[in-house]
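The structure under discussion appears below in the form of C-alpha cells.
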Amino acid sequence: MTQNDPGNDYPLSEVPMHARKGLASTAMVLLGFTFFTATMFAGGKLGVAFGFAEMLSVIVIGNLLLGLYAAGLGYIAFRSGLNSVLMGRLCFGEVGSKLSDLILGFTQIGWYAWGTATAAVVLGKYFELNQGTVLGLMVLFGLGFCATAYIGYRGLEILSYIAVPAMMLLLMLSMWVATDKVGGLDGLLAVVPTGSLDWSTAITLVFGTFVSGATQATNWTRFSRSAKVAVLASLIGFFIGNGLMVLIGAYGAIVYQQPDVVEVLLLQGFAMAAMAMLLLNIWSTQDNTIYNFAVAGCNLLRTRRRRTVTLAGAVIGTLLALLGMYDMLVPYLILLGTVIPPIGGVIMADFFFRWRGRYPRLAEAQLPAFNWPGLCAYGVGTLAAFNSPWIAPLVGIATGALTYVLLIGVLGSRTATAPLQDL
Numbered sequence: 130m131t132q133n134d135p136g137n138d139y140p141l142s143e144v145p146m147h148a149r150k151g152l153a154s155t156a157m158v159l160l161g162f163t164f165f166t167a168t169m170f171a172g173g174k175l176g177v178a179f180g181f182a183e184m185l186s187v188i189v190i191g192n193l194l195l196g197l198y199a200a201g202l203g204y205i206a207f208r209s210g211l212n213s214v215l216m217g218r219l220c221f222g223e224v225g226s227k228l229s230d231l232i233l234g235f236t237q238i239g240w241y242a243w244g245t246a247t248a249a250v251v252l253g254k255y256f257e258l259n260q261g262t263v264l265g266l267m268v269l270f271g272l273g274f275c276a277t278a279y280i281g282y283r284g285l286e287i288l289s290y291i292a293v294p295a296m297m298l299l300l301m302l303s304m305w306v307a308t309d310k311v312g313g314l315d316g317l318l319a320v321v322p323t324g325s326l327d328w329s330t331a332i333t334l335v336f337g338t339f340v341s342g343a344t345q346a347t348n349w350t351r352f353s354r355s356a357k358v359a360v361l362a363s364l365i366g367f368f369i370g371n372g373l374m375v376l377i378g379a380y381g382a383i384v385y386q387q388p389d390v391v392e393v394l395l396l397q398g399f400a401m402a403a404m405a406m407l408l409l410n411i412w413s414t415q416d417n418t419i420y421n422f423a424v425a426g427c428n429l430l431r432t433r434r435r436r437t438v439t440l441a442g443a444v445i446g447t448l449l450a451l452l453g454m455y456d457m458l459v460p461y462l463i464l465l466g467t468v469i470p471p472i473g474g475v476i477m478a479d480f481f482f483r484w485r486g487r488y489p490r491l492a493e494a495q496l497p498a499f500n501w502p503g504l505c506a507y508g509v510g511t512l513a514a515f516n517s518p519w520i521a522p523l524v525g526i527a528t529g530a531l532t533y534v535l536l537i538g539v540l541g542s543r544t545a546t547a548p549l550q551d552l
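For the sequence shown, this note's numbering assigns the number 130 to the initial residue and increments by one for each residue that follows.
Written as C-alpha cells, this is what we have:
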C-alpha cells in the first residue's frame, strides 16, 4: 500500500488538501470519540459535591479549557497536515519522538482494554452470564470494535453518523425523564450536596478525564479543510461533547445516585435502549482509540501498514482486558492526566516559537536524532504536573511549553532546514 493511498490515511506523511474534510464530518468523528461512558464518572463526582448552578460553572470552565487546548492543537494539525506523533519528530527528534509514540500508544491501548472489558462485564451482569461467557465476549468485542478503525477515517465517520444522533436523542430523553423525576429546575436547584470537592480538584477532574484524547484529536483535525473547521470541530467535540458527558454523569448522580448512563437508563425502564447505548457509546470511542494506537505504532515502527498495526493493537488490548483492566480505571485516569498534557504543551511551543507557525515538509526536513530541549521540557512539565497541588494537566502543559521556549532561547536552534509546506 502506498503512502498516497487515502484508505491508509497517510500514517507517515501530511494529509494533502484534496483529502481534507468539512466541519460536519470532522465534528461528528470527534463527537463519536468524546461520547464515552468513563467521562460520566467525573460528572458523578461533581453532582454530589456542588449545588446545581455551581456545578454547571465547573463543567463549563473545565470543558472550555479542554476545548481550547484541543483547538490549539487542531489548528496546528490543519496547518501542517500532521498528527501529534508526527509533530513529535519535529519537537523531540527522529529517535526521541519514539518516547511520545510509546506514551501515546500505551495510553490508548489501555483505554481500548478498559472499554472492551466494560462492554463485556456490563452485558454479563445484565444477562447474568457466567465468567467464561464474559471472557468470550471480551474476545469478540476486542476484535470486533476495531473493524471501523481498520477501514480508516471513512469507517470512523460512518459509525459516528449513526451512533452520535442516536445517542444524542437517547441522552436527551434520559435527561428529560430525570429532570421530571427530581421536580424540574426548582428541584435541581434545591438539591443539597452530600460530598465536597474544591474547585481546583474539580477542574482537574473535568479537564483531565479526556485530555489524553484531546492531545491525539489531531489524528482527525489534520483532515480539516480549513482552520475554522479544525477549531470549531475541536470545540464541538471537547467543549460540547465532553461537557455533555460530564453533565449526564452529574444528572445521574443527583437524581439516581448513579453516574453511569447505562445504569440510569435501566432504572428509567429503558433496558434495551440501555444495552444499545452501551455498545454504541463504547464502540464509537473504541474505534477512535485503536486508530490512535495504530498511528502511534506506525510512527514508532516507521511503517505504513496501519491496518496491520490496528489488528495487532486490538489483540494486545483484548489480552489486557482479559487480564483485568476493568478494575484499573481511576489510577489510569490519573496517570493520563499527568504524563500526556506536557506533550501538547511542547508541540505548541515548538510550532509557534521555534518554527514560527510553519513546519517544513516532514520527508525533507533534516531532523536530529534527539531534540534535547523538547525532551527536557517534556520531563520538566511531567514532573511539575506530578507534584502540582493545583490543576495538574494545565500545569504540565504550561510548564512544558514555557521550559521549551526558555531552552530554545538560551541554546538557540535552527528553524526551517528544508522547504516549507505548501499543502
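Glycine included, C-beta positions come from ideal geometry on N, C-alpha and C.
Note that the structure is predicted; figures quoted are calculated from it, not measured.
{"Check": "Counting Cβ pairs closer than 8 Å, one from the region 380 to 390 and one from the region 174 to 182, do we hit at least three?", "Outcome": "yes"}
{"Check": "On the criterion of 16 or more Cβ atoms from any shown chain inside 10 Å, does Ser363 qualify as buried, or is it exposed?", "Outcome": "buried"}
{"Check": "DSSP state of Pro294, grouped into three classes?", "Outcome": "helix"}
{"Check": "Less than 8 Å between the C-beta atoms of Thr344 and Ile205, yes or no?", "Outcome": "no"}
{"Check": "Looking at the strands, I want to know which residues DSSP matches up with Ser353.", "Outcome": "Lys150"}
{"Check": "Could you give the distance in angstroms between the alpha-carbon of Leu449 and the alpha-carbon of Gln415?", "Outcome": "14 Å"}
{"Check": "Quick one: residues in its chain with C-beta nearer than 7 Å to the C-beta of Ala246, no 5 flanking neighbours on either side, listed in chain order?", "Outcome": "Met267, Ala450, Met454 and Tyr455"}
{"Check": "Among Tyr533, Leu535 and Trp519, which one has its Cα closest to the Cα of Leu334?", "Outcome": "Trp519"}
{"Check": "Cys427 lies in the alpha helix (DSSP H); which residues open and close that run?", "Outcome": "Ala400 to Leu430"}
{"Check": "Under 8 Å Cβ to Cβ from Val306, same chain only, skipping five residues before and after it: list those, please.", "Outcome": "Gln397"}
{"Check": "Would you grab the beta carbon distance between Ile332 and Ile190 for me? Rounded to a whole angstrom, and I think it's under 8 Å.", "Outcome": "6 Å"}
{"Check": "Cα-Cα, which of Cys505, Ser325 and Tyr290 is closest to Ile472?", "Outcome": "Cys505"}
{"Check": "Between Leu264, Arg208, Leu395 and Ala443, which lies nearest to Leu452 when the distance is taken from Cα to Cα?", "Outcome": "Leu264"}
{"Check": "If you run the structure through DSSP and keep just helix, strand and coil, what is Glu183?", "Outcome": "helix"}
{"Check": "In angstroms with no decimal places, state the Cα-to-Cα distance between Val224 and Ala527.", "Outcome": "24 Å"}
{"Check": "Relative to the C-alpha of Leu300, which residue among Arg435, Met169, Leu540 and Gly486 is closest?", "Outcome": "Met169"}
{"Check": "Report the CB separation of Phe352 from Tyr282 in whole angstroms; it is logged as a contact under 8 Å.", "Outcome": "6 Å"}
{"Check": "Run through DSSP, which three-state label would Val144 get?", "Outcome": "coil"}
{"Check": "Out of curiosity, what's the CA-to-CA distance linking Thr323 and Gly180?", "Outcome": "10 Å"}
{"Check": "Tell me the rounded alpha-carbon separation between Asp479 and Val534.", "Outcome": "8 Å"}
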